[in-house]
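Student: Questions regarding the structure given below will be posed in turn.
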Amino acid sequence: MVDWPSAIAQIREAGAHLRRMHDVAQAMSRHARAMIRRSLDQTEEAERRAHTAEAAAVAASLRADGVEERLRQAEARARLAEDRAAIAEAAEAEAQIWLRRTYACLKAESSSTESSNTKPANTKPANTKSAKGDTQTR
């Protein structure tokens with residue numbers, strides 16, 4: 017014969033045990049879902065940070081490209097300025113030479129004029145007749 021009160025008690029205990037196991041399984045499931053949500057949130061945040069970092073890197077690269085271009089332009093302007101300075105120096109040297117020559121010519125002309133001014137006023141050039149009878153001044 018079956019001891020029904022004892023069987024019912026065992027069934028109740030088994031039911032209680034199953035409810036506890038079910039509650040534990042639900043708690044573990046909630047905990048696992050929470051961990052998954054946190055992991056997803058962290059992954060999304062990491063992706064946002066990665067995208068932000070990538071955008072910052074692209075912006076920095078573009079700025080660097082702009083800086084490099086401005087540097088190339090500045091170097092080209094510097095070379096042009098150096099070329100112009102060399103041309104200006106050559107023109108200045110040529111002008112200096114021209115001024116020295118002009119000064120030397122003026123000095124020679126001035127000394128020539130001074131020497132002709134120091135001749136006596138009553139000295140006239142001698143007139144000589146050639147065989148043809150022309151008058152020449154010496």
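The working numbering runs 16 ahead of the 1-based position in the sequence shown. All C-beta atoms, glycine included, are put in the ideal place defined by N, C-alpha and C.
Closer than 6 angstroms by C-beta to residue 128: which residues in its own chain qualify, once you throw out the five before and the five after it? Chain order, please.
Tutor: So the list is empty, once near-sequence residues are dropped.
Student: Could you tell me whether the Cβ of residue 64 comes closer than 8 angstroms to any Cβ of chain D?
Tutor: In the displayed structure, chain D is absent; only one protein chain is listed.
Student: Going by DSSP in three states, residue 74 sits in which element: helix, strand or coil?
Tutor: Residue 74: helix per DSSP, three-state reduction.
Student: Whole angstroms is fine: what's the gap from residue 91's alpha carbon to residue 98's?
Tutor: Taking the straight line from one Cα to the other gives about 10 angstroms.
Student: If you draw a straight line from the alpha carbon of residue 47 to that of residue 70, how long is it in whole angstroms?
Tutor: Rounded to whole angstroms, residue 47 to residue 70 spans 34 angstroms at the Cα level.
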